[in-house]
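Residue numbers (the UniProt record's numbering): 1 to 141. Accompanying notes for the structure given below.
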């Protein structure tokens, strides 16, 4: 399977989901995980939001490294590692619109002042454990 086909397959899988577990790292090195709503862009960039009073916001302000796990049902998952940065003010409307398209209920959080982040992938692994042997596909960026 070529890389373009693999990326499209991963994109389709991610678009079937709206929840992910996100892992960030505290300044003392302690890993911290939480469940977040997310949407995915055509370039496999993940958009998510958080409030300024959360641990993940503080962690990302100091350490942009992030990991996600998506899809723990049906024995298929995507593991995703990358760098998360705040969405620039010039792009915020575009990101919010796409985010709300995937997650209409998130409008309440946007109105309450969440901060939008975007994660750019460094490494993605798609794992399908329904197959024998399991299908494991990795992409480096």
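Ideal placement from N, C-alpha and C gives every residue a C-beta, glycine not left out.
Residue range of the beta strand (DSSP E) that includes residue i
i: residue 138; result: 135-140
i: residue 19; result: 19-25
i: residue 118; result: 115-128
i: residue 83; result: 76-86
i: residue 67; result: 65-70
Residue i (DSSP reduced to helix, strand or coil)
i: residue 108; result: helix
i: residue 37; result: strand
i: residue 50; result: strand
Expected contact under 8 angstroms - CB spacing of residue i and residue j to nearest Å
i: residue 82; j: residue 120; result: 5 angstroms
i: residue 96; j: residue 110; result: 6 angstroms
i: residue 99; j: residue 39; result: 5 angstroms
i: residue 87; j: residue 118; result: 5 angstroms
i: residue 23; j: residue 67; result: 4 angstroms
i: residue 103; j: residue 18; result: 6 angstroms
i: residue 123; j: residue 135; result: Not quite, the Cβ-Cβ distance comes to about 17 angstroms (not below 8 angstroms), so this is no contact.
Element boundaries [alpha helix (DSSP H), containing residue i]
i: residue 97; result: 92-102
i: residue 62; result: 55-62
i: residue 45; result: First-last for residue 45: undefined, no H or E at that position.
i: residue 6; result: 3-15
Evaluate contact between the stretch 127-135 and the stretch 48-68, counting only Cβ atoms and requiring at least three cross-stretch pairs below 8 angstroms. no
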